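Residue numbers (the working numbering): 2 to 310.
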(Lines of atoms letter the chains of each structure in order from A; the text may use other names.)
(Lines give C-alpha, C1' and ligand atoms only; values in the text may rest on other atoms or scores of the structure.)
Protein backbone atom coordinates (compact mmCIF):
# COMPACT_ATOMS: atom_id res chain seq x y z
CA UNK A 2 0.00 0.00 0.00
CA UNK A 3 1.19 3.51 -0.80
CA UNK A 4 -0.08 6.89 0.38
CA UNK A 5 0.29 10.07 -1.63
CA UNK A 6 -0.48 13.29 0.24
CA UNK A 7 -1.36 16.18 -2.05
CA UNK A 8 -2.37 19.81 -1.81
CA UNK A 9 -1.79 23.27 -3.29
CA UNK A 10 -1.84 26.97 -2.49
CA UNK A 11 0.79 27.69 0.16
CA UNK A 12 1.93 31.14 1.25
CA UNK A 13 4.76 31.43 3.77
CA UNK A 14 4.49 35.23 3.92
CA UNK A 15 0.94 35.14 5.27
CA UNK A 16 1.22 31.83 7.16
CA UNK A 17 4.71 31.26 8.51
CA UNK A 18 3.72 28.36 10.78
CA UNK A 19 1.68 26.25 8.34
CA UNK A 20 0.26 23.84 10.89
CA UNK A 21 -1.29 21.83 8.06
CA UNK A 22 1.99 19.96 7.54
CA UNK A 23 1.81 18.35 10.97
CA UNK A 24 -1.65 17.05 10.12
CA UNK A 25 -0.36 15.75 6.79
CA UNK A 26 2.51 13.99 8.57
CA UNK A 27 0.05 12.29 10.94
CA UNK A 28 -1.43 10.40 7.96
CA UNK A 29 2.03 8.87 7.37
CA UNK A 30 2.29 9.46 3.61
CA UNK A 31 5.01 7.94 1.46
CA UNK A 32 4.84 10.73 -1.11
CA UNK A 33 4.17 14.47 -0.90
CA UNK A 34 2.78 15.93 -4.13
CA UNK A 35 2.67 19.75 -4.31
CA UNK A 36 0.24 20.81 -7.03
CA UNK A 37 1.24 24.41 -7.61
CA UNK A 38 1.09 27.87 -6.04
CA UNK A 39 3.62 26.60 -3.53
CA UNK A 40 4.75 30.22 -3.26
CA UNK A 41 2.90 33.38 -4.23
CA UNK A 42 4.62 36.02 -6.29
CA UNK A 43 1.42 38.08 -6.27
CA UNK A 44 -1.92 38.00 -4.45
CA UNK A 45 -4.67 40.52 -3.75
CA UNK A 46 -5.42 43.95 -5.18
CA UNK A 47 -3.50 46.15 -2.74
CA UNK A 48 -0.01 46.38 -1.33
CA UNK A 49 3.38 45.26 -2.55
CA UNK A 50 2.08 41.91 -3.85
CA UNK A 51 -0.86 43.21 -5.88
CA UNK A 52 -1.92 40.97 -8.74
CA UNK A 53 0.27 41.15 -11.82
CA UNK A 54 3.08 43.32 -10.44
CA UNK A 55 5.90 40.92 -11.49
CA UNK A 56 5.07 41.52 -15.15
CA UNK A 57 6.57 45.01 -14.95
CA UNK A 58 9.49 44.08 -12.70
CA UNK A 59 13.05 43.92 -14.00
CA UNK A 60 14.46 40.44 -14.56
CA UNK A 61 16.77 40.93 -11.58
CA UNK A 62 13.93 41.98 -9.24
CA UNK A 63 11.80 39.11 -10.50
CA UNK A 64 14.61 36.62 -9.83
CA UNK A 65 15.47 37.94 -6.37
CA UNK A 66 11.83 38.01 -5.28
CA UNK A 67 11.04 34.50 -6.51
CA UNK A 68 14.22 33.14 -4.94
CA UNK A 69 13.31 34.73 -1.60
CA UNK A 70 9.80 33.24 -1.80
CA UNK A 71 11.16 29.72 -2.33
CA UNK A 72 13.80 30.05 0.37
CA UNK A 73 11.19 31.36 2.82
CA UNK A 74 8.87 28.43 2.12
CA UNK A 75 11.70 25.94 2.58
CA UNK A 76 12.52 27.58 5.93
CA UNK A 77 9.07 26.83 7.43
CA UNK A 78 9.85 24.34 10.18
CA UNK A 79 6.63 22.31 9.92
CA UNK A 80 7.26 21.95 6.18
CA UNK A 81 10.86 20.84 6.76
CA UNK A 82 9.69 18.30 9.33
CA UNK A 83 7.28 16.74 6.85
CA UNK A 84 9.94 16.62 4.13
CA UNK A 85 12.18 14.63 6.46
CA UNK A 86 9.48 11.99 6.91
CA UNK A 87 8.32 11.30 3.35
CA UNK A 88 10.21 9.05 0.95
CA UNK A 89 9.44 11.00 -2.22
CA UNK A 90 8.49 14.56 -3.16
CA UNK A 91 6.85 15.51 -6.46
CA UNK A 92 5.79 19.01 -7.47
CA UNK A 93 4.62 21.22 -10.26
CA UNK A 94 3.68 24.89 -10.51
CA UNK A 95 0.67 27.02 -11.31
CA UNK A 96 0.29 30.70 -12.18
CA UNK A 97 1.38 32.37 -8.92
CA UNK A 98 4.64 30.44 -8.68
CA UNK A 99 5.25 30.39 -12.44
CA UNK A 100 5.13 34.16 -12.75
CA UNK A 101 1.89 35.95 -11.73
CA UNK A 102 -1.88 35.56 -11.67
CA UNK A 103 -3.21 33.86 -14.85
CA UNK A 104 0.25 33.92 -16.47
CA UNK A 105 0.76 31.74 -19.53
CA UNK A 106 4.00 30.88 -21.28
CA UNK A 107 2.54 30.89 -24.81
CA UNK A 108 0.07 33.74 -24.34
CA UNK A 109 -0.55 36.43 -26.92
CA UNK A 110 -2.37 38.59 -24.36
CA UNK A 111 0.00 41.19 -22.93
CA UNK A 112 -1.12 40.96 -19.31
CA UNK A 113 -0.77 37.15 -19.28
CA UNK A 114 2.31 36.72 -21.49
CA UNK A 115 5.58 35.89 -19.73
CA UNK A 116 8.80 36.99 -21.41
CA UNK A 117 11.37 34.36 -22.41
CA UNK A 118 13.73 35.78 -19.79
CA UNK A 119 11.25 35.53 -16.94
CA UNK A 120 10.21 32.03 -18.03
CA UNK A 121 13.83 30.92 -17.90
CA UNK A 122 14.42 32.53 -14.51
CA UNK A 123 11.29 30.91 -13.15
CA UNK A 124 12.26 27.48 -14.46
CA UNK A 125 15.78 27.64 -13.03
CA UNK A 126 14.59 28.71 -9.60
CA UNK A 127 11.84 26.08 -9.59
CA UNK A 128 14.44 23.43 -10.42
CA UNK A 129 16.64 24.67 -7.58
CA UNK A 130 13.69 24.45 -5.17
CA UNK A 131 12.78 20.99 -6.42
CA UNK A 132 16.35 19.78 -6.03
CA UNK A 133 16.45 21.04 -2.45
CA UNK A 134 13.15 19.33 -1.59
CA UNK A 135 13.99 16.02 -3.22
CA UNK A 136 17.58 15.81 -1.97
CA UNK A 137 16.97 16.65 1.68
CA UNK A 138 19.54 19.43 1.58
CA UNK A 139 20.57 20.81 4.97
CA UNK A 140 20.89 24.39 3.71
CA UNK A 141 19.27 26.39 0.95
CA UNK A 142 21.82 27.24 -1.77
CA UNK A 143 22.52 30.82 -2.83
CA UNK A 144 20.79 32.32 -5.82
CA UNK A 145 22.62 31.77 -9.12
CA UNK A 146 23.76 34.82 -11.04
CA UNK A 147 21.32 36.33 -13.51
CA UNK A 148 23.54 35.12 -16.35
CA UNK A 149 23.40 31.58 -14.99
CA UNK A 150 19.64 31.75 -14.63
CA UNK A 151 19.23 32.86 -18.24
CA UNK A 152 21.62 30.43 -19.90
CA UNK A 153 20.62 27.38 -21.93
CA UNK A 154 17.51 26.42 -23.90
CA UNK A 155 14.09 26.53 -22.32
CA UNK A 156 12.46 23.23 -21.42
CA UNK A 157 9.41 22.42 -19.31
CA UNK A 158 9.43 21.24 -15.71
CA UNK A 159 7.42 18.04 -16.29
CA UNK A 160 8.77 14.96 -14.50
CA UNK A 161 8.00 11.30 -13.83
CA UNK A 162 8.96 8.79 -11.15
CA UNK A 163 7.86 5.18 -10.74
CA UNK A 164 7.13 4.05 -7.18
CA UNK A 165 6.08 0.42 -6.93
CA UNK A 166 3.18 -0.10 -9.31
CA UNK A 167 2.36 3.64 -9.43
CA UNK A 168 3.73 6.03 -12.02
CA UNK A 169 3.74 9.59 -10.66
CA UNK A 170 3.69 12.28 -13.35
CA UNK A 171 4.01 16.02 -12.71
CA UNK A 172 2.78 18.08 -15.66
CA UNK A 173 3.85 21.57 -16.69
CA UNK A 174 0.58 23.37 -17.35
CA UNK A 175 2.05 26.88 -17.61
CA UNK A 176 5.12 27.00 -19.86
CA UNK A 177 3.28 26.15 -23.08
CA UNK A 178 -0.29 27.27 -22.26
CA UNK A 179 -2.08 29.26 -24.94
CA UNK A 180 -5.10 31.56 -24.68
CA UNK A 181 -8.36 29.62 -25.10
CA UNK A 182 -10.29 32.80 -25.91
CA UNK A 183 -8.03 33.73 -28.82
CA UNK A 184 -6.53 30.51 -30.20
CA UNK A 185 -8.68 27.83 -31.89
CA UNK A 186 -7.96 24.40 -30.38
CA UNK A 187 -5.81 26.06 -27.72
CA UNK A 188 -3.20 23.88 -26.05
CA UNK A 189 -2.55 23.72 -22.33
CA UNK A 190 0.60 21.58 -22.29
CA UNK A 191 1.95 21.88 -25.82
CA UNK A 192 2.30 19.16 -28.43
CA UNK A 193 5.74 17.98 -27.33
CA UNK A 194 4.63 17.52 -23.72
CA UNK A 195 1.50 15.66 -24.81
CA UNK A 196 3.67 13.32 -26.86
CA UNK A 197 5.83 12.78 -23.78
CA UNK A 198 2.75 12.18 -21.63
CA UNK A 199 1.40 9.65 -24.13
CA UNK A 200 4.62 7.68 -23.70
CA UNK A 201 4.18 7.71 -19.92
CA UNK A 202 0.60 6.46 -20.27
CA UNK A 203 1.13 3.73 -22.86
CA UNK A 204 4.42 2.43 -21.49
CA UNK A 205 3.12 1.56 -18.03
CA UNK A 206 1.09 -1.39 -16.73
CA UNK A 207 0.19 -0.03 -13.30
CA UNK A 208 -1.76 2.97 -12.02
CA UNK A 209 -0.89 6.46 -13.27
CA UNK A 210 -1.16 9.46 -10.95
CA UNK A 211 -0.92 12.84 -12.68
CA UNK A 212 -0.41 16.13 -10.85
CA UNK A 213 -1.79 19.30 -12.41
CA UNK A 214 -2.18 22.85 -11.17
CA UNK A 215 -5.51 23.33 -12.95
CA UNK A 216 -8.81 21.56 -12.36
CA UNK A 217 -10.19 19.50 -15.24
CA UNK A 218 -13.61 21.10 -15.74
CA UNK A 219 -15.78 24.12 -14.98
CA UNK A 220 -13.01 26.55 -14.18
CA UNK A 221 -11.75 29.72 -15.84
CA UNK A 222 -8.51 27.93 -16.74
CA UNK A 223 -9.66 24.31 -16.56
CA UNK A 224 -8.57 21.48 -18.85
CA UNK A 225 -11.88 21.38 -20.70
CA UNK A 226 -11.15 24.77 -22.27
CA UNK A 227 -8.22 23.17 -24.10
CA UNK A 228 -7.78 20.26 -26.50
CA UNK A 229 -5.77 18.47 -23.80
CA UNK A 230 -8.93 17.43 -21.96
CA UNK A 231 -10.48 15.25 -24.65
CA UNK A 232 -7.02 14.06 -25.65
CA UNK A 233 -6.28 12.68 -22.16
CA UNK A 234 -9.65 10.93 -21.90
CA UNK A 235 -8.92 9.13 -25.18
CA UNK A 236 -5.30 8.28 -24.35
CA UNK A 237 -5.85 6.82 -20.88
CA UNK A 238 -5.55 3.03 -21.17
CA UNK A 239 -4.78 2.31 -17.51
CA UNK A 240 -6.43 3.56 -14.29
CA UNK A 241 -5.48 7.24 -14.14
CA UNK A 242 -6.00 9.67 -11.28
CA UNK A 243 -5.46 13.38 -11.91
CA UNK A 244 -4.68 15.31 -8.73
CA UNK A 245 -5.53 19.00 -9.13
CA UNK A 246 -5.41 22.22 -7.08
CA UNK A 247 -5.80 25.98 -7.59
CA UNK A 248 -9.39 26.62 -6.46
CA UNK A 249 -8.80 27.18 -2.70
CA UNK A 250 -11.10 24.35 -1.64
CA UNK A 251 -11.40 20.59 -1.72
CA UNK A 252 -13.78 19.07 -4.26
CA UNK A 253 -15.61 15.75 -4.31
CA UNK A 254 -13.79 13.32 -6.65
CA UNK A 255 -15.16 13.35 -10.20
CA UNK A 256 -15.01 10.55 -12.77
CA UNK A 257 -14.37 12.00 -16.23
CA UNK A 258 -14.13 8.68 -18.09
CA UNK A 259 -14.12 4.98 -17.20
CA UNK A 260 -10.40 5.10 -16.45
CA UNK A 261 -9.95 8.76 -15.40
CA UNK A 262 -10.74 10.20 -11.98
CA UNK A 263 -9.97 13.70 -10.68
CA UNK A 264 -9.35 14.54 -7.02
CA UNK A 265 -8.88 18.18 -5.99
CA UNK A 266 -7.32 19.62 -2.85
CA UNK A 267 -6.42 23.28 -2.54
CA UNK A 268 -5.90 25.75 0.25
CA UNK A 269 -3.18 24.25 2.43
CA UNK A 270 -1.85 27.52 3.84
CA UNK A 271 -3.29 30.53 2.01
CA UNK A 272 -5.13 32.62 4.61
CA UNK A 273 -6.96 35.81 3.79
CA UNK A 274 -10.29 37.56 4.09
CA UNK A 275 -11.08 37.24 0.38
CA UNK A 276 -10.68 33.74 -1.03
CA UNK A 277 -8.30 32.60 1.66
CA UNK A 278 -8.36 29.18 3.28
CA UNK A 279 -5.95 26.99 5.22
CA UNK A 280 -5.80 23.39 6.37
CA UNK A 281 -6.91 21.56 3.22
CA UNK A 282 -5.11 18.48 1.91
CA UNK A 283 -5.84 15.08 0.45
CA UNK A 284 -4.41 11.58 0.67
CA UNK A 285 -4.59 9.06 -2.16
CA UNK A 286 -4.18 5.48 -0.89
CA UNK A 287 -3.25 2.86 -3.49
CA UNK A 288 -3.46 -0.80 -2.52
CA UNK A 289 -5.88 -3.54 -3.44
CA UNK A 290 -8.22 -0.66 -4.26
CA UNK A 291 -7.85 3.12 -4.57
CA UNK A 292 -9.23 5.51 -1.96
CA UNK A 293 -9.16 9.30 -1.87
CA UNK A 294 -9.47 11.11 1.44
CA UNK A 295 -10.00 14.86 1.75
CA UNK A 296 -9.26 16.76 4.96
CA UNK A 297 -9.94 20.29 6.15
CA UNK A 298 -9.85 22.21 9.41
CA UNK A 299 -13.64 21.89 9.59
CA UNK A 300 -13.44 18.15 8.90
CA UNK A 301 -10.23 16.84 10.50
CA UNK A 302 -11.38 13.21 10.24
CA UNK A 303 -11.79 13.63 6.51
CA UNK A 304 -14.20 12.43 3.86
CA UNK A 305 -13.28 9.15 2.18
CA UNK A 306 -14.09 8.00 -1.35
CA UNK A 307 -13.44 4.72 -3.13
CA UNK A 308 -12.42 5.24 -6.76
CA UNK A 309 -13.87 2.51 -8.97
CA UNK A 310 -12.36 1.71 -12.37
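All C-beta atoms in this analysis are idealised placements derived from N, C-alpha and C, irrespective of residue type, glycine included. Values in this document were obtained by computation on a predicted structure and should not be read as measured data.
Classify residue i as buried or exposed, calling it buried when 16 or more other Cβ atoms lie within 10 Å of its own Cβ.
i: residue 173; result: buried
i: residue 155; result: exposed
i: residue 305; result: exposed
i: residue 1; result: This structure does not reach residue 1, given that the chain is present from 2 up to 310, and the question cannot be answered.
i: residue 258; result: exposed
i: residue 293; result: buried
i: residue 281; result: buried
i: residue 176; result: buried
i: residue 169; result: buried
i: residue 70; result: buried
i: residue 139; result: exposed
i: residue 119; result: buried
i: residue 248; result: buried
i: residue 122; result: buried
i: residue 25; result: buried
i: residue 48; result: exposed
i: residue 261; result: buried
i: residue 192; result: exposed
i: residue 231; result: exposed
Assuming residue i is part of the alpha helix (DSSP H), what are its boundary residues?
i: residue 229; result: 228-236
i: residue 101; result: Segment: none, residue 101 is in no alpha helix (DSSP H) and carries neither H nor E.
i: residue 117; result: 117-136
i: residue 294; result: Not the alpha helix (DSSP H): residue 294 falls in the beta strand (DSSP E), residues 291-296.
i: residue 79; result: 78-84
i: residue 331; result: Since the first and last residues shown for the chain are 2 and 310, residue 331 lies out of range.
i: residue 19; result: Counting along the chain, residue 19 falls outside any alpha helix (DSSP H), and DSSP gives it neither H nor E.
i: residue 65; result: 60-75
Comparing C-alpha positions only, which one of the options sits nearest to residue i?
i: residue 63; options: 131, 50, 282; result: 50
i: residue 14; options: 21, 302, 41; result: 41
i: residue 256; options: 212, 287, 234, 247; result: 234
i: residue 95; options: 17, 250, 210, 158; result: 158
i: residue 53; options: 115, 151, 241; result: 115
i: residue 46; options: 66, 58, 101, 80; result: 101
i: residue 163; options: 66, 232, 204, 247; result: 204
i: residue 3; options: 290, 250, 138; result: 290
i: residue 166; options: 243, 247, 210, 271; result: 210
i: residue 279; options: 299, 261, 104; result: 299
i: residue 202; options: 91, 240, 230, 178; result: 240
i: residue 127; options: 108, 150, 32; result: 150
i: residue 307; options: 297, 246, 253, 25; result: 253
i: residue 336; options: 61, 242, 178, 183; result: Not covered by the structure: residue 336. The range shown for the chain is 2 to 310.
i: residue 309; options: 57, 75, 242; result: 242
i: residue 181; options: 110, 288, 59; result: 110
i: residue 285; options: 192, 187, 31, 277; result: 31
i: residue 188; options: 44, 228, 287, 276; result: 228
i: residue 56; options: 74, 152, 43; result: 43
i: residue 226; options: 190, 67, 121, 287; result: 190
i: residue 103; options: 283, 66, 221; result: 221
i: residue 160; options: 171, 283, 129; result: 171
i: residue 7; options: 58, 232, 212; result: 212
i: residue 238; options: 153, 206, 9, 244; result: 206
i: residue 75; options: 11, 61, 230, 260; result: 11
Can you tell me where the beta strand (DSSP E) holding residue i begins and where it ends?
i: residue 4; result: 3-8
i: residue 39; result: Note, residue 39: premise wrong, no beta strand (DSSP E); not H, not E.
i: residue 91; result: 89-92
i: residue 1; result: Since the first and last residues shown for the chain are 2 and 310, residue 1 lies out of range.
Going by DSSP, what residues sit across from residue i in a beta bridge?
i: residue 256; result: 262
i: residue 144; result: Partner(s): none; residue 144 has no beta bridge.
i: residue 114; result: 105
i: residue 210; result: 169, 242
i: residue 308; result: 291
i: residue 1; result: The structure shown does not extend to residue 1, since the chain is modelled only from 2 to 310, so the question has no answer here.
i: residue 180; result: Answer is none; residue 180 lacks a bridge partner.
i: residue 187; result: Looking at the DSSP assignment, residue 187 forms no beta bridge with any residue, so it has no partner.
i: residue 279; result: 270
i: residue 32; result: 5, 89
i: residue 11; result: 270
With three or more beta-carbon pairs closer than 8 angstroms as the criterion, would you say the region 247-265 touches the region 212-223? They touch, by the three-pair rule.
Please confirm if the region 79-98 is in contact with the region 126-140, defined as three or more CB-CB distances below 8 angstroms between the two stretches. Flag = yes, the region 79-98 and the region 126-140 touch.
Closer than 8 angstroms is the cut-off here; do at least three beta carbon pairs connect the region 19-38 with the region 91-107? By the Cβ criterion, the region 19-38 is in contact with the region 91-107, since at least three pairs of Cβ atoms, one from each stretch, lie closer than 8 angstroms.
Cβ pair count under 8 angstroms reaching 3, the region 190-199 against the region 138-147: Here the region 190-199 makes no contact with the region 138-147; the two share fewer than three CB pairs at distances below 8 angstroms.
For the structure I just gave you, are there three or more beta carbon pairs, one from the region 268-276 and one from the region 6-26, closer than 8 angstroms? At 8 angstroms Cβ cutoff, the stretches touch.
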